[in-house]
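Chains as they are written, first to last, in our numbering: chain A, 22 to 134; chain B, -4 to 107.
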C-alpha cells in the first residue's frame, strides 16, 4: 500500500489567496484526520471524519478553514482567504480500526507570505 | 479535560546513553497510551502503545510502562543511537472518544 498521500508537499502563496490541500487515505480506512503542526502550538487536531462524515470540527480555527470528504478515498482542507499565521505543516492521517494506530501522510508545508 | 504533558526539549545525548522522556496524562477513566515518533521531513508513526494499567509497550529497544498510580507513561531506551534522533510525541486515546490527543513533542538529538 502506498500509505496516506498528501499533495502538494510544499505550497507557497500570498496572503488573501485560496489554498487547497489534498489527502488520499489508505484504502479501506474509515476515519480521516487533519492536523496542523507549528513550533508554537505543536500538533493540533483540526477536524476528523468517520465514514466520510465530519464528526468533530471543534479544532478548526475559524470560518476561513473548511474541510470536505466527498468519498472514502479523498479529502480536502481549504483556507480562504489565507493569512501569514496559517503557515504551518498540515498533516492528514487515517485509520481503519478503533483509531488506536494512526497512519500519517508526509505533510504539506504551507507558507503564506 | 483530557490532556498530555511531556518534558520540553530539546534533549541532547551522546550515543549509547540512557534515555528517558517523561510523559504524564490527565484523563477520566482508562485511556490507551501511545508514543509516536516523527523523523525529519516525515509524518508521525506509531512507536509503541499500552492499553491498560501495568502494560508495557516496547519496540525498537524503546519501552514505556502504563502507570495508573502516577498517571505516567515515560519513554525509555537503554542505549540510544544517532538514528534515534527525532521528535517523540506522547498521546492518549480516551475510550469513549474517537480522537487521539498528542503532547507537544520532545525533540531528541543524539551525538555520535
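C-beta: ideal position from N, C-alpha, C; glycine also.
Cross-chain neighbours of residue i in chain A, by beta carbon under 7 Å
i, result
"residue 40 of chain B", "125"
"residue 80 of chain B", "Those within 7 Å of residue 80 of chain B in chain A number zero; the least Cβ separation is about 18 Å."
Contact set between residue i and chain A, taken where Cβ atoms lie within less than 9 Å
i, result
"residue 104 of chain B", "Within 9 Å Cβ-Cβ: nothing; residue 104 of chain B doesn't reach chain A, min ~16 Å."
"residue 16 of chain B", "Neighbours of residue 16 of chain B on chain A: none; closest Cβ ~15 Å, over 9 Å."
"residue 100 of chain B", "58, 63 and 64"
According to DSSP, residues forming a beta bridge with residue i
i, result
"residue 16 of chain B", "B:70"
"residue 53 of chain B", "B:58"
"residue 71 of chain A", "A:52 and A:74"
"residue 40 of chain B", "B:32"
Endpoints, beta strand (DSSP E) assigned at residue i
i, result
"residue 130 of chain A", "129 to 133"
"residue 25 of chain B", "Here residue 25 of chain B belongs to no beta strand (DSSP E), and DSSP marks it neither H nor E."
"residue 110 of chain A", "109 to 116"
Other residues of its chain near residue i: CB distance less than 7 Å, five sequence neighbours each side excluded
i, result
"residue 122 of chain A", "116"
"residue 167 of chain B", "Lying before the first or after the last residue shown, residue 167 of chain B is absent from chain B, which here runs from -4 to 107."
"residue 53 of chain B", "43"
Cut-off 6 Å between Cβ atoms - residues of its own chain near residue i, not counting five sequence neighbours on either side
i, result
"residue 41 of chain A", "97 and 99"
"residue 20 of chain B", "-1, 66 and 87"
"residue 110 of chain A", "58, 128 and 130"
"residue 172 of chain A", "Not covered by the structure: residue 172 of chain A. The range shown for chain A is 22 to 134."
"residue 45 of chain B", "28, 52 and 61"
Buried or exposed by the 16-neighbour rule on C-beta atoms within 10 Å, applied to residue i
i, result
"residue 9 of chain B", "exposed"
"residue 134 of chain A", "exposed"
"residue 25 of chain B", "exposed"
"residue 46 of chain A", "buried"
"residue 94 of chain B", "buried"
"residue 90 of chain A", "buried"
"residue 72 of chain B", "buried"
"residue 3 of chain B", "exposed"
Under 7 Å by beta carbon: chain B residues contacting residue i
i, result
"residue 112 of chain A", "38"
"residue 45 of chain A", "Those within 7 Å of residue 45 of chain A in chain B number zero; the least Cβ separation is about 14 Å."
"residue 122 of chain A", "41"
Closer than 9 Å at the beta carbon, the chain B residues around residue i
i, result
"residue 128 of chain A", "36, 37 and 38"
Cβ shell of residue i (< 8 Å), same chain only, five flanking positions each side left out
i, result
"residue 36 of chain A", "102, 103, 104, 105, 133 and 134"
"residue 5 of chain B", "101, 102, 103 and 104"
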